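Under our numbering, residue 1286 is the last one in the sequence shown; the count climbs by one each step, no gaps.
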Amino acid sequence: MGLFDFFFKRKQEEVRIDKELNEIKKGQSDKFLSYLPRRTYQYFELWHEEMSLKKDYINIISNIQSGRDSLLSDRENELLIKLFSTNIISRQNIAEYCFRFNDIQSEDVLWNKIIEYLERYDYRSADQEYYKYVDFLQKEEYVDLKNSYREESAWTRINSCLKSGKITKADLIWGNHKDIIPEKKYEIAKEKNAEHIRTLQKGAIFDIIAYLEGQDVKAAEKIYYKFRDIITEADYAEAKQEAQKQLKNSVLKKIKRNVERRDIQKAEQIYSRFKNIITNNDYEEAKQAAQKRVKDSTLKRIAKNLENQDIKNAEQIHSDFQDLITNKEYNELLRQYGKNIKIPILNKIKVLLDDFQTEAAEQEYLKFRKIVTEKEYHKVKIESQVKIKSNAWQRIRDYLGKNEFEMAENEYNKHKDIIPKSEYLKEKLNYSKQIESSVWNQIIDKFEQFNLIAAEDLYNKFQYIINKEKYVKEKQKCELAKCLLDEIINHLRQYNFKKADELANQNNVFTTLQKEIYKKYKVDYLKDYFFESYIEDGKPFKLDEQQSAAVASSNQNTLVSARAGSGKTRTIVAKILYLLEKEQLPRDSVYVFAFNKNVPVEISQRIQNQIRLRNNSQKYSEVDVAHTFHKVALKWAKPEGKVLAENKRIFIKLIIDHLKQSDPNFAARVYKLFRNESMKVERTQFKDPEAYYTFIRNKKYFTLNGEIVKSLGEKWIADFLFEHGIDYRYEYSFYPGYINPSEIKESEKDKQTCKAILKNMTSEIKPDFYLIKEKVVWEHWGIDEKETNEISKKEFGQIFETSWQDYRSKMQVKRDFWGVWRKSLNSKHWAIKSIRDVNKLIETSVSDLDYNRETFELHLIELLKAENITVIKRNQNELIQEVWEKVISKFVFMIESFINRYQQRFFDSGLLFNDQIEKYHDDERIYEFLKLGQEVLQLYECQLNQANKISSLKHYEQYRIDFNQLILEAIKKIENGNINEDILKIKYILIDEYQDFSELFFRLINSIRSKNPNVNFFCVGDDWQAINRFAGSDVEYFHKFNSYFANAIVKEISTNYRSSEEIISKSNKFMYESLFDGSPAKAFRKGTGFNVDIKEVDDVYIELREGNDFFLRDKIYIEQFISGNGVKENEYQIKARYLKKCVEIIKEYPKKKILILHRNNYFKFKGLEQFFNKLIKVLVKLQIIKSEKECKERVTIKTMHASKGLESDVVILLEINQGIIPMFHPDTELFKIFGEEIENNLDDQRRLFYVAMTRAKENLYILTEKEKRSDFLKLL
């Protein structure tokens, strides 16, 4: 084998060779040469140093790396000879080296073999291997290596012995290795293992005790001998004693446990088994202790049962343990707990007595004589007898009540010793009478239902107590009524309803129930009659069950409560046809009175043109029975001159203008009336807190400049600015949304301030006031920041639905926004420029209103002067004139309402009205309004009476009477008997919209009844749609119909044929949540239509950035609210969003009729017509609708009041916001004299919203704003 062949025999050595060869190439050969035998290394080192044959040297190594399996080549030998030529080594040494080198292996292999022997602790073989090659290995190196393995082996064995407790063996091993293990090191090792040895010692002793306790001495001794190095003989002896002690205790416990279990025999066996360790005394003591414990436990159990009044269980326990518990001990417990157990003992005795077990009861008593006294026992006996008697009577009465007289007799016989016979016979007689009465009532019920067979069965069952004569008489009546019903049904089959009614009402043959049965038949046949006899627009004329029942009513006075869309007009038309055709009434004896002039037209149109008989003949083309109240009154009153109607408001305005010209103070009084608006409302005026909160949230005030503001403080500020000629805008819009903080270039601090402020701002803000010329914004805060009353703060949150603290935080945000940082804004955009140009923020709050108006205005003067704003009051006459022009139309409306209400309520009692006015003398504003109204009224009546003519009314001389006066004149004619002939002809009066009845119209009806008591009334209306109280109507005439009309009945028609199911559901919910009474409407079309959709127009996207496609698309909406010179209307963005939403909805329904409704005649302070014109313009421009004409045909816009009676496929409700609907205004208080109250006003607005909702047939859209959602929307 060659010099380096062993490197190629082992793969791991190959890696190392590669590495070392690389080092040689770098000139680092020393490390590699260290692997060679020592002499070879010297030769190569000399060669390397002396000859500088580096290249040849590397070649030799390369040959070695190539894997040659032979000795050095000739060339390599030559190199070695060159070494000889250096004279450093002799030829003999070279020869000797080469000769020996073929027979030996490398030094590493030798060491590996030696290490292998050392790892097996085979020191002899290791020595032999070392001495075999001693020439090639260093002795010191071998000795160190050998000692390291000896030490390692010794420590392994020492530690093993120490851990297993073999201290002696460990000492012996150490003794054999003293030359390599110091004594100190060995002692430290022993100390480290001391704790483990102690644990081992304890465990061994524990095991010894356990084995000894189990009497396994051999196992215990085995452990002892195993651990003798750590367990002494004393330890072992002590363990034996402990084991014996524990065994003794264990045995005694077993003995006690068996004694406690009452198993004495097993206890004896245990004792016998362990006599060697347990003495007889030990056994007896254990036995007695166990018995004592059992006795104590048993006594406690007995005591507990006695305490719980469980005597039976206590006795059982005593019986089981008689060997332990003496009778004396048990009786002692009985005496101790006697009070507790006396009651159950007495109860047990009582139960036995109740069950007639007298002997058992006696035995029980004797058993407990120590507890229950003789007196107590006899008392129980008496009570038991009473109870037995009572129970016996109960059973007797039950049997008698069930008509089981034989069972009752048996029960009596069982107890006749305690129940006197006379009492039993009396009771039997009483029950016989009761049974007779009950059975008789059942028989009568069957007769009333015409069920003769069932009545006969009852009679046969109880004939022994039913008077035969009486039965036969009632039976004959029933048979007669049955015959009559059969005859009536024959007439009904022939649709001869008049004859059927005559038969049903003659001689009082029918009972009340039988009349109801007849009415049911009549309703069914009446439905068939209309279906088979009439055609409307080519289809059969159908009535539903409720409509038919209303038409079929034969009561003298009938009220039909008809919900929205339930077919009110159809019911009236059917009643007219029924009266003319089946009751055969003359046409001039039937009148239909209506308030709305469109209703008579619709009724006449349907009767004359749309309804035909089945034979296609038009029988009713000349029928004209429907009229307005005023048309009929005109016919009866026959007044001189024309009736003032449509021109009434103009007429009143001319009179007011005349008063202004003739009375220098009149205009000033009107000015003062509007300037002094206020509302004094107490919380107690409302039926619930939420109604009061709704009022506070929605109250509004009118300013002298014509705005509607939210609070009294805002009104005072607006009036002050107006009176002092300071130009302002109320809630002028600013748009922080346009601000980009990055555009602020002057200061990084201003940028950060801007970002922080804008984070809490909305895209649009509206300070309460903006002074145009002065560029000052003004905020009037709704709270007092110094408020300390927590109740007031809490109520603020309940009212305004935001906490007091949140409101205050928003105040600070606004203050920060109007800070000086705005001056850093550089953009030229108009919205940002308007924000930057604001000079100052002025602040006032509700706390400033604590004093009167004059003091508040002085405070305003100081604030304005502090900002160098000139404050000079305008000329009073100029102010009065300007206000007059702004408020005249509103004032005329107020006076017209005053006159209408006066005429409706005080039509014949002017003196009474004067007395009523004086009651308001202390309220300056109400009193002044009533006086103004009275002055106008007097002049109004004079002009109609042609007295004291006014030149400005020259063109109105033909008017001599108005509608209300016309009604009053007709009443006078009737009461005076001037038209008796006409009145006596009347047989039937049908009244439409009866919920709008008033005192004046009721007086008209009463005058007719006074002359013609037999006249019949058929009134139709819906109290949920009573929205005309402002015109004098009073819904109480509807609610108290039975009080105002005798022989009256109320019928309901509630199926809504107009609207979808969800619209009906939502409107019903709204009315019930608003606490209105009455039956809800029912949907005819189930599950149809679109859901009611509430849209917040804030979410409608309008692109406001100019210069892009989106802006061009939305520009059409924005430009509607920008004037020709580029001035934008206030709130132009929100208006544009309303407009766009309406356009989107209309576009969605290309073939549907659209009805747009608003609470008022104005939208966002502009006329409603203006909004409609803008809408038409956009629709036509976008070609959603082709022409303006088509727009007006498809889309209609009206106020909610004007929509009454209308319907549309799609309805859009505009601006359903707080302060719009509901809205409360101080003018409400002016009409207190006519019964006007805030709560009534709220109910009116709820009804108005219901009317608006129920106009929709399929789709209802409610448009509102996020921060202004109406309180009504909470109820949907």
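Built from N, CA and C at the ideal position, the CB exists for glycine as well.
Computed from a prediction, not measured in an experiment: that's the story for all the values here.
Quick one: give me the first and last residue of the alpha helix (DSSP H) that residue i is part of.
i, result
"VAL830", "Where VAL830 is concerned, there is no enclosing alpha helix (DSSP H), given that its DSSP letter is neither H nor E."
"LYS1278", "Per DSSP, LYS1278 belongs to no alpha helix (DSSP H) and is neither H nor E."
"ASN1294", "In the structure as shown, the chain starts at 11 and stops at 1286, and residue 1294 therefore has no counterpart that could be examined."
"LYS485", "478–503"
Taking only three categories from DSSP, how would you classify residue i?
i, result
"ASN112", "Its pLDDT being 39, under 50, ASN112 is placed unreliably by the model, and the measurement read from it follows with that caveat. Reduced to three states, the DSSP call for ASN112 is coil."
"ILE99", "At ILE99 the pLDDT is 41, less than 50, meaning the model places this residue with poor confidence; the figure from the coordinates comes in the next sentence. DSSP places ILE99 in coil when its eight states are reduced to three."
"ILE793", "coil"
"GLU1075", "The residue asked about is misnamed: residue 1075 is Ser in this sequence, not Glu. It is helical."
"ARG1257", "helix"
"ARG20", "Below a pLDDT of 50, predicted positions are generally treated as unreliable, and ARG20, at 40, falls in that range; the measurement from the model is reported next regardless. ARG20: coil per DSSP, three-state reduction."
"ASN567", "strand"
"GLU1246", "coil"
"PRO1160", "coil"
"PHE1027", "strand"
"THR798", "coil"
"ARG1068", "coil"
"LYS188", "coil"
"VAL609", "helix"
Locate the beta strand (DSSP E) running through residue i, then write down its first and last residues.
i, result
"ALA636", "636–638"
"ARG739", "738–740"
"ILE1207", "1205–1209"
"GLY999", "It is worth fixing the name first, because residue 999 is Ile in this sequence and not Gly. Run containing ILE999: 998–1001, per the beta strand (DSSP E) assignment."
"GLU1106", "1103–1106"
"ASN1269", "1266–1274"
"PHE1287", "This structure does not reach residue 1287, given that the chain is present from 11 up to 1286, and the question cannot be answered."
"ARG573", "Unbroken run through ARG573: none, as it is neither H nor E."
"ILE1059", "1058–1063"
"ARG846", "Note, ARG846: premise wrong, no beta strand (DSSP E); alpha helix (DSSP H) at 840–846."
Between the C-alpha atoms of residue i and residue j, what's the straight-line distance to the nearest angstrom?
i, j, result
"PHE901", "THR1065", "42 angstroms"
"ASN1269", "TYR966", "46 angstroms"
"ALA559", "LYS530", "8 angstroms"
"GLU526", "GLY1088", "23 angstroms"
"VAL1297", "ALA636", "The structure shown does not extend to residue 1297, since the chain is modelled only from 11 to 1286, so the question has no answer here."
"GLY792", "PRO751", "31 angstroms"
"ILE207", "GLN298", "46 angstroms"
"GLU489", "TYR535", "23 angstroms"
"LEU595", "ILE586", "10 angstroms"
"VAL830", "GLY1097", "59 angstroms"
"LYS1150", "LYS641", "45 angstroms"
"SER1084", "SER802", "26 angstroms"
"ARG101", "GLY185", "Residue placement at ARG101 is poorly supported in this model, since its pLDDT is 41, which falls under 50; the coordinates are not used for a value here."
"ARG863", "ARG1204", "51 angstroms"
"ASP333", "TRP403", "51 angstroms"
"ASP330", "ASN290", "28 angstroms"
In this structure, what does DSSP give as the bridge partners for residue i?
i, result
"TYR969", "LYS652"
"THR854", "HIS790"
"SER1218", "ALA1266"
"LEU1223", "LEU1167 and ILE1272"
"ILE621", "GLU546"
Please confirm whether any heavy atom of the ligand SAM lies closer than 7 angstroms to the CB of residue i.
i, result
"VAL609", "The model on display carries no ligand, and the ligand SAM is accordingly not part of it."
Spell out whether any CB of chain D is found under 8 angstroms from the CB atom of residue i.
i, result
"TYR969", "Of the protein chains in this structure there is only one, and it is not chain D."
Which runs of the beta strand (DSSP E) at least 3 residues long sit entirely within the region 706–745? Give them in chain order. 738–740
Alpha helix (DSSP H) segments (min. 4 residues) lying fully within the region 272–343: 274–283, 290–317 and 321–330
Residue ranges of each alpha helix (DSSP H) run of no fewer than 4 residues wholly in the region 399–451, ordered along the chain? 415–424
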